[in-house]
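Colleague: Chains A and B, in that order, give the protein sequences. The opening position of the first sequence corresponds to residue 1 in the numbering used here, with each subsequent residue numbered one higher. The opening position of the second sequence corresponds to residue 1001 in the numbering used here, with each subsequent residue numbered one higher.
There are 2 protein chains.
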Amino acid sequence: MEYIQNVLEMLMTVTIRDVAKRLNLSITTVSRALDGYDDVAEGTRQRVIQAAHEMGYFPTTAARQLRGKRCNTIGFIIPARQPRFADPFFSEFIAGLGDGAANRNFDLLVTSIPPVEEAEHLAYERWVQGRRVDGIVLARLRTRDWRIQYLKSQALPFVIFNQSRIELDVPGIAVDGETGIATLVQHLARKGHRKFAYIGASPELLLQVERFNSFRNSLATAGIRLNPAYILESDLRQSGGYQAGKRLLSLVERPTAIICVNDLTAIGVLQAAREYGIAVGTDLAVAGFDGIAQAENTQPPLTTLNQPVYEIARELVEILLAIILDEPIAKKRATLQPELILRQSTGDFA
Amino acid sequence: MEYIQNVLEMLMTVTIRDVAKRLNLSITTVSRALDGYDDVAEGTRQRVIQAAHEMGYFPTTAARQLRGKRCNTIGFIIPARQPRFADPFFSEFIAGLGDGAANRNFDLLVTSIPPVEEAEHLAYERWVQGRRVDGIVLARLRTRDWRIQYLKSQALPFVIFNQSRIELDVPGIAVDGETGIATLVQHLARKGHRKFAYIGASPELLLQVERFNSFRNSLATAGIRLNPAYILESDLRQSGGYQAGKRLLSLVERPTAIICVNDLTAIGVLQAAREYGIAVGTDLAVAGFDGIAQAENTQPPLTTLNQPVYEIARELVEILLAIILDEPIAKKRATLQPELILRQSTGDFA
DNA sequence: TTGTAGGCGTTATCAA
DNA sequence: TTGATAACGCCTACAA
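Laid out in structure tokens, this is it:
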């Protein structure tokens, strides 16, 4: 008899009602005992906890949430075109978010949506209005990013990874690409480079705006003329960098230094240079931005501006959870300096 | 007046009740109209859809789920020790899961838990009993894996990435590591190697069991003696491979070929070899398993048994969704052959 | 210290 | 073709 009871309990979802019934208590008492209220007799509480454990009771998230509680989930929508968001940048970022959340017993909900407003809007609405998440992380911000307005209007907690130091008045972490690029350009100019090229991304992206402007201004400051033919737009991917690299390297008058908006682009350029038989590090300098692991092992190793993406993501989660849980927190905003890591691709040896 | 109404609608969550009220319809009709039942007048349906769209109505997942519906979410728990599950293998895998799910309008819920039974059990229970997910993906299976029994007993749809061809009678995809390792050993034996070493992982893991057994059997078949000092256990990470590599390379009689249970381990060995001034490719052969992107760019490039992790993950999602949605599907199980990619780390040139 | 009862937003059953 | 109503499992104001 008890056996049958147990089997049923295994198969059905055990609800708070089942626990109450077994103990001849009301569901109120069970609920309060489990939630640690202090108006439950200690003996009762023990019995409840014991029984709940034995019966394998877990509160149904959906029900709890419907009562207006949190769902202990944060969300991140990768602004990526299918297939594959296996971009190492996002991988690191998601790893940080996932670990940060898991560390506080939150789950991470992810999906990937091409950064086209309609589709994206729908996805955010589904999550926000459908209350799938308690908070959201935003990355790869764009100029006039509707997401910020939207989330503000919905009063949903969110934080941003601002890959620029352009002010946005939103909790999050920023990385100062302007100073980073300036440092890089100065370094290369000091080594004698005069023919600088830049392979960037869509001008919609804040990171592109900031990095490119800094590139242009730094050249001006150094009194170096910028050849318009040396400015290319790419797509942040290796294949795009490869294409752009071929364009630049097949010019009659080649640039001697190519600065790329990110590491993947730069790795594509290395690939192109190899194909053209150009010795990177001596005949050509190539540099990226991000500091992905792969950049350590390229041929030759890639000079880059490193940003600690994993740690940033973990920190972002901390800030977000503080907002969600209404906890005090030291600072809701911070700006980090990327670290210039010099390697052989710019003729620097470690 | 209407303006105030609109503002309120923006701030509050719009429920099906609001839509019904606005149209002077019952919630029943609205629900059925939106769900595409055919017992709703076409005109009514149009009005409902129109109004719902205008008002920004999205069904609350929690409520729907409470009524016993799906939550359109699949889950994956990374069996990893904190910090960072940024292992490239899992990154690729998660990318595939995320894209596969997004492609079918499902979300992916992820978290990472150290593979210790109690903690892990709790996490799975939370998701399963708390009905957070409609299905689960399992990877890195272990010998006598309680997760399989558990999910079966809960009748929750799940699929496995079986990194061995050991039969498990569960829907999913398997990769034949046995044949893979055998091919690799044969290749190296043919090149004259006789002193084979193996750096593996915990014997709890199916992939280790299969790969190591295949390693041992292949040597036996080739009539090669296996030196017990050449068998090391590591942790699937680069740092572990580095440690184990140092152990092997500091032996008086060094092995000439080191086969690693995965690429990260092998990359650690390359690192150790560099430190010892040993020329990998000529004085020492090193090979891995996985085919991670990084392996292409190591110094020297790494020979590996490639498995298309991203594609496997996408396919797994397809199978899982077919089970969840009770759709017909061609095959619920498949076994793939890893592809031997020969590179310079074993003295092979592309 | 414990219990009763109402409602969160949906969907489903049944009646009109 | 449409509507009233009862759950789903949980939390909590209020009553006992």
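Don't be surprised by glycine CBs; every beta carbon is placed ideally from N, CA and C.
Would you report the Cα separation of Gly-291(A) and Val-1280(B), rounded to the nearest angstrom?
Modeller: Translated into positions along the first sequence, residue 291(A) becomes position 291. Translated into positions along the second sequence, residue 1280(B) becomes position 280. Looking at the two C-alpha atoms, the distance is approximately 26 Å.
Colleague: Could you check the C-alpha separation between Ile-1166(B) and Leu-302(A) for me, to the nearest Å?
Modeller: Here residue 1166(B) refers to the residue found at position 166 when the second sequence is read from its first residue. Here residue 302(A) refers to the residue found at position 302 when the first sequence is read from its first residue. C-alpha separation (whole angstroms): 42 Å.
Colleague: Using beta-carbon positions only, say whether Phe-264(A) and Arg-247(A) come within less than 7 Å of one another.
Modeller: Sequence index remark: in the first sequence, residue 264(A) carries index 264 (1-based). Sequence index remark: in the first sequence, residue 247(A) carries index 247 (1-based). Note that residue 264(A) corresponds to Leu in the displayed sequence, not to Phe. Contact: no.
Colleague: Quick one: any contact between the stretch 1068-1076 of chain B and the stretch 1132-1141 of chain B, if contact means 3 or more CB pairs under 8 Å?
Modeller: Short answer: they touch.
Colleague: Give the straight-line distance between the Cα atoms of Leu-97(A) and Asn-227(A), rounded to the nearest whole angstrom.
Modeller: Within the first sequence, residue 97(A) is the residue found at index 97, counting from 1. Within the first sequence, residue 227(A) is the residue found at index 227, counting from 1. One C-alpha to the other measures close to 41 Å.
Colleague: So, helix, strand or coil for Gly-172(A), using DSSP?
Modeller: Start at 1 with the first residue of the first sequence, and residue 172(A) comes out as number 172. DSSP places Gly-172(A) in strand when its eight states are reduced to three.
Colleague: Would you say Glu-1031(B) faces chain A, with C-beta separation under 7 Å as the test?
Modeller: Taking the first residue of the second sequence as 1, we reach residue 1031(B) at position 31. Checking the displayed sequence, the identity of residue 1031(B) turns out to be Ser instead of Glu. Ser-1031(B) does not count as touching chain A.
Colleague: Please confirm whether Asp-1107(B) has its beta-carbon closer than 7 Å to some beta-carbon of chain A.
Modeller: As a position in the second sequence, residue 1107(B) is number 107, starting the count at 1. Yes, Asp-1107(B) lies at the interface with chain A (some Cβ there is under 7 Å from its Cβ).
Colleague: Between the stretch 252-266 of chain A and the stretch 312-327 of chain A, can you find at least three pairs of beta-carbon atoms closer than 8 Å?
Modeller: Touching, no, given that fewer than three Cβ pairs across the two stretches are closer than 8 Å.
Colleague: Just to confirm, is the Cβ distance from Ile-181(A) to Arg-225(A) under 7 Å?
Modeller: Taking the first residue of the first sequence as 1, we reach residue 181(A) at position 181. Taking the first residue of the first sequence as 1, we reach residue 225(A) at position 225. No. Outside cutoff.
Colleague: Using a Cβ cut-off of 9 Å, which residues of the stretch 124-142 of chain A contact any Cβ in chain B, in chain order?
Modeller: Answer set for the stretch 124-142 of chain A: Glu-125, Arg-126, Trp-127, Val-128, Gln-129, Gly-130, Arg-131 and Arg-132.
Colleague: Measure the C-alpha to C-alpha separation of His-121(A) and Gly-68(A) and round it to an integer number of angstroms.
Modeller: Here residue 121(A) corresponds to residue number 121 of the first sequence, with the count starting at 1. Here residue 68(A) corresponds to residue number 68 of the first sequence, with the count starting at 1. Computed Cα separation, rounded: 24 Å.
Colleague: Quick check: is the beta carbon of Leu-429(A) nearer than 7 Å to any beta carbon in chain B?
Modeller: No answer is possible for residue 429(A): it lies beyond the span of chain A, which begins at 1 and ends at 350.
Colleague: Around the C-beta of Ala-201(A), are 16 or more other C-beta atoms found within 10 angstroms, so that it is buried, or is it exposed?
Modeller: Here residue 201(A) refers to the residue found at position 201 of the first sequence. Buried, because 16 or more other Cβ atoms sit within 10 Å of the Cβ of Ala-201(A).
Colleague: Report yes if the CB atom of Val-269(A) is closer than 7 Å to the CB atom of Gly-245(A), and no otherwise.
Modeller: As a position in the first sequence, residue 269(A) is number 269, starting the count at 1. As a position in the first sequence, residue 245(A) is number 245, starting the count at 1. For Val-269(A) and Gly-245(A), yes; Cβs fall inside 7 Å.
Colleague: Let me check one thing: in DSSP terms, what residues is Tyr-198(A) bridge-paired to?
Modeller: The residue labelled residue 198(A) in the question sits at position 198 within the first sequence. Ile-231(A) and Ile-259(A), per the DSSP bridge assignment.
Colleague: So, do the stretch 135-155 of chain A and the stretch 183-193 of chain A have three or more beta carbon pairs nearer to each other than 8 Å?
Modeller: Result no; under three Cβ-Cβ pairs closer than 8 Å.
Colleague: Who are the neighbours of Phe-1058(B) on chain A, taking C-beta pairs under 7 Å?
Modeller: On the second sequence, position 58 is the one that residue 1058(B) refers to. The contacting residues are Glu-125, Arg-126, Gln-129 and Gly-130.
Colleague: Should Asp-18(A) be flagged as near chain B, meaning a C-beta pair shorter than 7 Å?
Modeller: Here residue 18(A) refers to the residue found at position 18 of the first sequence. It does not: the Cβ of Asp-18(A) has no partner Cβ on chain B nearer than 7 Å.
Colleague: If you reduce the DSSP assignment to three classes, tell me which class Arg-1353(B) lands in.
Modeller: Past the boundaries of the shown model lies residue 1353(B); chain B is included only from 1001 to 1350, so the question cannot be answered.
Colleague: Report yes if the CB atom of Ala-293(A) is closer than 7 Å to the CB atom of Ala-257(A), and no otherwise.
Modeller: As a position in the first sequence, residue 293(A) is number 293, starting the count at 1. As a position in the first sequence, residue 257(A) is number 257, starting the count at 1. Not in contact: Ala-293(A) and Ala-257(A) (Cβ atoms no closer than 7 Å).
Colleague: Should the stretch 1168-1177 of chain B be regarded as contacting the stretch 1328-1346 of chain B, the criterion being three or more beta carbon pairs within less than 8 Å?
Modeller: Output reads yes: the stretch 1328-1346 of chain B touches the stretch 1168-1177 of chain B.
Colleague: Which full runs of the alpha helix (DSSP H) of 4+ residues lie inside the stretch 1105-1156 of chain B, going along the chain?
Modeller: Taking only runs of at least 4 residues, the alpha helix (DSSP H) segments lying wholly in the stretch 1105-1156 of chain B are 1117-1129 and 1146-1153.
Colleague: Going along the stretch 1286-1301 of chain B in order, which residues come within less than 8 Å of chain A, judged by CB to CB distance?
Modeller: Listed by position along the chain: Ala-1293, Gln-1294, Asn-1297, Thr-1298 and Gln-1299.
Colleague: Do you know offhand how far Asp-1039(B)'s Cα is from Ser-26(A)'s?
Modeller: The sequence position of residue 1039(B) within the second sequence is 39, counting from 1. The sequence position of residue 26(A) within the first sequence is 26, counting from 1. Roughly 42 Å between the two C-alpha positions.
Colleague: For Thr-1044(B) and Ala-80(A), I'd like the C-alpha separation in whole angstroms.
Modeller: As a first step, residue 1044(B) must be located in the second sequence, where it is residue number 44. As a first step, residue 80(A) must be located in the first sequence, where it is residue number 80. Taking the straight line joining both Cα atoms gives about 38 Å.
Colleague: Leaving out five residues before and five after Glu-178(A) in sequence, what residues of the same chain have Cβ atoms less than 8 Å from its Cβ?
Modeller: Along the first sequence, read from residue 1 onward, the residue named residue 178(A) stands at position 178. Result list for Glu-178(A): Ser-164, Arg-165, Glu-210, Arg-211, Asn-213 and Ser-214, in chain order.
Colleague: Could you pull the DSSP bridge partners for Thr-1303(B) from this structure?
Modeller: In the second sequence, counting from the first residue as 1, residue 1303(B) sits at position 303. DSSP, once it has assigned bridges, lists Ala-1287(B) as partnering Thr-1303(B).
Colleague: Is Val-159(A) closer than 7 Å to Leu-316(A) when the C-beta atoms are compared?
Modeller: Mapped onto the first sequence, residue 316(A) falls at position 316. Mapped onto the first sequence, residue 159(A) falls at position 159. Result yes, Cβ atoms of Leu-316(A) and Val-159(A) sit closer than 7 Å.
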